[in-house]
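A.B. asks: Take the sequence shown: its position 364, counting from 1, is numbered 364 in the UniProt record's numbering, and each next residue is one higher.
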Amino acid sequence: MKNPLLQNFNTPHTTAPFSKIKNEHFKPAFEEAIQKAKAEIDEITSNSEAPSFKNTIEPLDFSGYTLDRVSSIFFNLNSAETNDEIQKIAQEVSPLLSEFSNDIRLNEKLFERIKSVYDARKNLDLTVEQATLLDKKYKSFARNGANLDDTSKNKLREIDMKLSKRSLQFGENVLAETNAFEMHLTDENQLKGLPDGAKEAAKMAAKEKDLEGWLITLDYPSYVPFMTYADDRNLRKKLAIAFGARAFKNNKFDNQKVVLDIVNLRHKRANLLGYKTHAHFVLEERMAETPEKVLSFSNDLLEKAKPAAEKEFKQLSDFAKKDGIEQLQKWDGAYYSEKLKKQNFDLDQEALKPYFKLENVIDGAFTVANKLFGLQFKEVDTIDKYHKDVKTYEVTNTNGDFIAVFYADFFPRKGKRNGAWMTSYKSQWKKDSENSRPHISIVCNFTKPTDTKPSLLTFNEVTTLFHEFGHALHGMLADTVYPSLSGTSVYWDFVELPSQLLENWCYEKEALDLFAKHYETNEPIPMDLVQKIKDSSNFLEGMQTMRQLSFGLLDMQWHGADPTNIKNVKEFENQAFTDTQLYPDVAENCMSTAFSHIFQGGYSSGYYSYKWAEVLDADAFEFFKETGIFNKETATLLLENVLSKGGTDKPMDLYKRFRGAAPSNKALLKRAGLVEKQ
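1) Can you round the beta-carbon distance between Q190 and D232 to whole angstroms, since I take them to be within the 8 Å contact cut?
2) So for K430, helix, strand or coil by DSSP?
3) What's the gap between the Cα of L473 and the Cα of T396?
4) Locate the beta strand (DSSP E) running through I41, then write down its first and last residues.
5) Determine whether the beta carbon atoms of F410 and D432 lie at a separation below 8 Å.
6) Using the three-state DSSP reduction, which class does P291 fall into: helix, strand or coil?
7) Here's a check: name, in chain order, each residue in its chain whose Cβ is nearer than 6 Å to the Cβ of I73, leaving out the five neighbours to either side.
8) Give a yes or no on contact between the stretch 498-509 and the stretch 286-299, applying the rule of three or more CB pairs nearer than 8 Å.
9) Which stretch, first to last residue, makes up the alpha helix (DSSP H) that contains Y491?
10) Taking one C-beta from the stretch 398-414 and one from the stretch 56-63 each time, how about it: are there three or more such pairs within less than 8 Å?
11) Strictly under 8 Å for the Cβ-Cβ distance: is G145 near chain B by that measure?
12) Considering only residues of the same chain and omitting the five flanking positions on each side of Q678, which have a CB-CB separation below 6 Å?
13) Tell me which residues share the same chain as A205 and place their Cβ nearer than 6 Å to its Cβ, disregarding the 5 neighbours each side in the sequence.
14) Report the partner residues of S436 according to the DSSP bridge assignment.
15) Do A618 and R671 have their CB atoms nearer than 8 Å?
16) If I follow the unbroken beta strand (DSSP E) through Q376, where does it start and stop?
17) Run the CB neighbour count on M527, radius 10 Å, all protein chains shown included, and call it buried at 16 or more, exposed below.
18) Let's see if you can read the secondary structure: which residues bound the beta strand (DSSP E) around M183?
19) Would you check if the stretch 18-28 and the stretch 36-53 touch, i.e. whether three or more CB-CB distances between them fall below 8 Å?
20) With a threshold of 16 other CB atoms inside 10 Å of the CB of K209, please say whether the residue is buried or exposed.
21) Based on DSSP bridge pairs, tell me the residues matched to W331.
22) Would you check if the stretch 333-352 and the stretch 533-551 touch, i.e. whether three or more CB-CB distances between them fall below 8 Å?
23) Could you give the C-beta distance for I159 and K257, rounded to a whole number, given that I count them as a contact under 8 Å?
24) Whole angstroms are fine: how far does the CA of R246 sit from the CA of M476?
25) How would you write the range of the beta strand (DSSP E) that T217 sits in, first residue to last?
26) Rank K54, T66, A37, A39 by C-alpha distance to the C-alpha of N3 and give the top, closest one.
27) Which residue from D254, P195, E626 puts its Cα closest to that of G171?
28) Taking buried to mean at least 16 other C-beta atoms within 10 Å of its own C-beta, is D332 buried or exposed?
29) Let me confirm a value: T382 is counted as buried when at least 16 other C-beta atoms fall within 10 Å, else exposed. Which label applies?
30) Let me check understanding here. Comparing Cα to Cα, which of D103, A176, A120 lies closest to L156?
31) Taking the CB atoms as reference points, tell me whether Y491 and M183 lie closer together than 8 Å.
32) Taking contact to mean at least 3 C-beta pairs separated by less than 8 Å, is the stretch 332-341 in contact with the stretch 591-602?
33) State the CB to CB distance for the pair V128 and V569, rounded to an integer number of angstroms; the pair is presumed to be in contact (CB under 8 Å).
34) Ordered along the chain, which non-local residues of its own chain (more than five positions away) have a Cβ less than 6 Å from that of L512?
35) With K313 and L582 assumed to form a contact (beta carbons below 8 Å), what rounded beta-carbon distance in angstroms separates them?
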């Protein structure tokens, strides 16, 4: 039988053939796609004509198309719909992919051709996009060992192979530990304080496992409500410690050695390529440019946030003392924050949820995209999907032109990792007068509908949906020539701008009026609730800022210095947290062993970019507020200079063209209320 993964993926509407794919198709598809990609490279290197942009750089960017499609399908499934067999295949194919990418990057003939074009770049009449692509291709080789001697190249291959396995192992250990813990409760008193929806979800979770009572897990839709509302402090403590102890138990899923292996391998790799540390290597290709700039940026914000954070922590501690809590602990934070928020703003997150039925929020995101960029979303059932919960849409513009395929996957399940993310099954590109459109997906973990209630989102989940949808718009509105510069293929510290920018609409009455309607009565969200959302939006912002900065600084500590002498992960982490610690340390817990962003995702030396992008998004939204949040001209400036441009030019240049000036952190400090608190 023909392998469905190797069918022709070139037609605009050809989507991933999920229903036809079986696990046994993956490895052969990878092997064949790798061979095909190698043949495409051979064609470039065996060309007898002198190297040019047209016969070397351009075909290189379009090579490996089938492999990219197979990889995106497989690794997206490994995140959203995995099982033991898929994880085993991931362990088998990751080394193959590492080896293939090293074969390409260490291909001397190919590099010679690229270098020849690169050295002549000043005499070539290249567009900005072509010049960017040439620079990116040359650096992708130089930064991956193309200028090394043979011995060093072999060392690099070995390091990359080990890193790819360790990173996978890290993620699998975290997932296994997340799935392994269950808190089975049989006495309803233990659920006191928990909202009805969360109770019902816990009952459903127990029922699915043929258990009486209620089941609380470490999946966010179960974990977060329990930590926020459950009155039983001992159970909150039990759950928080279990969450914080993932992959830190000296068992077979322990990540302590994995973390040390990863940071040491990354450091060796950077040294081999002539960089001082992994952070120096990474930041060369970021807006921030150097570790020094990241630390200066982070410490500047920390200086502004710390007095506010300490003041807020004292306020929260004093509030908890009324309940006899002498020392505020990590498992008290969300619980007392919610209570204090309710007291200060009379805002009950549960009172908001009826206004945020999932389907309405999705429609709201679509309407915002329509008002800003003229996009239309039509749900269709003709697109193959990997799980029945996935929704599929065809996206068109005002002229009815096809813009993108959009997948949305909203509910947690076994085999799906925690959190929320946007991903792509196919990039956008232009070739032979065709503008081939992208296939984009967002994956979240929201509370499932129950027998009596639809899926009702917390306000935090509403902003999460808008955040991921912002990434999706960046992918869908791409309009570049080359696939590797398309959509979200931008510097990491720029990639969060569209996503964080879109969250701002969730706080505006003009936008909320479009979709925040009571799921039973269809009444619009009352104005006083909207005002309370706005008033409370920077509640405990000093603490929040400090928390984010602490993660970014921990990341820089791991990657911005020589890690050779680090022996104890927990001790090192505690040291890194010295300037940002508010709560007492919990001996059984360790952040690093489950810090998937930096040890499994792509955020190593890049976690600071969330805050960096917040500066950009606050500055950008200030522009919308000055001109009107649905102002077409401002939206068009954003579309033409940022969203459609992908990585075709330097991010700072793109931003300045949109905004007319470089970003300033004033808007962020104002929005966060950190200026007045000094």
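Don't be surprised by glycine CBs; every beta carbon is placed ideally from N, CA and C.
Source: prediction; values computed, not measured.
C.D. replies: If we stick to the structure as given:
1) As a working note, residue 190 is residue 190 in the sequence shown. As a working note, residue 232 is residue 232 in the sequence shown. About 5 Å separates the two Cβ atoms, so the contact holds.
2) As a working mapping, residue 430 is identified with position 430 in the sequence shown. Correct three-state label for K430: strand.
3) Residue 473 sits at position 473 when you count from the first residue of the sequence shown. Residue 396 sits at position 396 when you count from the first residue of the sequence shown. Going from the Cα of L473 to the Cα of T396 covers about 12 Å.
4) Along the sequence shown, read from residue 1 onward, the residue named residue 41 stands at position 41. I41 -> not in any beta strand (DSSP E); alpha helix (DSSP H) instead, spanning 23-45.
5) For the purposes of this step, residue 410 is taken as the residue at position 410 of the sequence shown. For the purposes of this step, residue 432 is taken as the residue at position 432 of the sequence shown. In this structure, D432 does not lie closer than 8 Å to F410 by Cβ.
6) Walking along the sequence shown from the start, residue 291 turns up at place 291. Helix, per DSSP.
7) The residue labelled residue 73 in the question sits at position 73 within the sequence shown. A16.
8) no
9) Locating residue 491 in the sequence shown gives position 491, where the first residue counts as 1. Here Y491 belongs to no alpha helix (DSSP H), and DSSP marks it neither H nor E.
10) no
11) Although the question refers to chain B, the structure presented lacks it and comprises just one protein chain.
12) Here residue 678 corresponds to residue number 678 of the sequence shown, with the count starting at 1. Residue placement at Q678 cannot be trusted, given a pLDDT of 39 that sits under 50; what the coordinates show is reported in the next sentence. Closer than 6 Å at Cβ, skipping near neighbours: no residue.
13) Here residue 205 refers to the residue found at position 205 when the sequence shown is read from its first residue. Excluding positions up to five away in sequence, the list reads L215.
14) What you label residue 436 is simply residue 436 of the sequence shown in a count that begins at 1. Answer by DSSP bridge pairing, in chain order: W429.
15) In the sequence shown, residue 618 corresponds to position 618, counting from 1. In the sequence shown, residue 671 corresponds to position 671, counting from 1. Yes.
16) Taking the first residue of the sequence shown as 1, we reach residue 376 at position 376. Q376 -> beta strand (DSSP E) spans 376-379.
17) Taking the sequence shown and counting its residues from 1, one reaches residue 527 at position 527. Exposed.
18) Along the sequence shown, read from residue 1 onward, the residue named residue 183 stands at position 183. Here the beta strand (DSSP E) through M183 covers 182-185.
19) no
20) Here residue 209 is taken as the residue at index 209 of the sequence shown, counted from 1. Under this definition K209 is an exposed residue.
21) Numbered from its first residue, the sequence shown carries residue 331 at position 331. Answer is none; W331 lacks a bridge partner.
22) yes
23) Position 159 of the sequence shown, counting from 1, holds the residue named residue 159. Position 257 of the sequence shown, counting from 1, holds the residue named residue 257. Between K257 and I159 the Cβ distance is about 17 Å, and since that is not below 8 Å, they are no contact.
24) Along the sequence shown, one-based indexing puts residue 476 at 476. Along the sequence shown, one-based indexing puts residue 246 at 246. Answer to the nearest angstrom: the Cα atoms are 36 Å apart.
25) On the sequence shown, position 217 is the one that residue 217 refers to. Residues 214-217.
26) As a first step, residue 3 must be located in the sequence shown, where it is residue number 3. When only C-alpha atoms are compared, the closest one is T66.
27) Here the question's residue 171 lines up with position 171 in the sequence shown. For the residues D254, P195, E626, the minimum Cα distance to G171 belongs to D254.
28) Along the sequence shown, read from residue 1 onward, the residue named residue 332 stands at position 332. Its Cβ being crowded by 16 or more others within 10 Å, D332 is buried.
29) Translated into positions along the sequence shown, residue 382 becomes position 382. It counts as exposed.
30) The count along the sequence shown starts at 1 and reaches residue 156 at position 156. Comparing Cα-Cα distances from L156 to each of D103, A176, A120, the minimum goes to D103.
31) Position 491 of the sequence shown holds residue 491. Position 183 of the sequence shown holds residue 183. Going by C-beta atoms, Y491 is not nearer than 8 Å to M183.
32) no
33) Counting from 1 along the sequence shown, the entry for residue 128 is found at position 128. Counting from 1 along the sequence shown, the entry for residue 569 is found at position 569. Contact flag wrong, Cβ pair sits at about 44 Å.
34) To locate residue 512, count along the sequence shown from 1; it is residue 512. The residues are I525, V530.
35) The residue given as residue 313 occupies position 313 in the sequence shown. The residue given as residue 582 occupies position 582 in the sequence shown. The sequence as given places Phe at residue 313; Lys does not occur at that position. Right, the Cβ-Cβ distance comes to about 5 Å (below 8 Å), so this counts as a contact.
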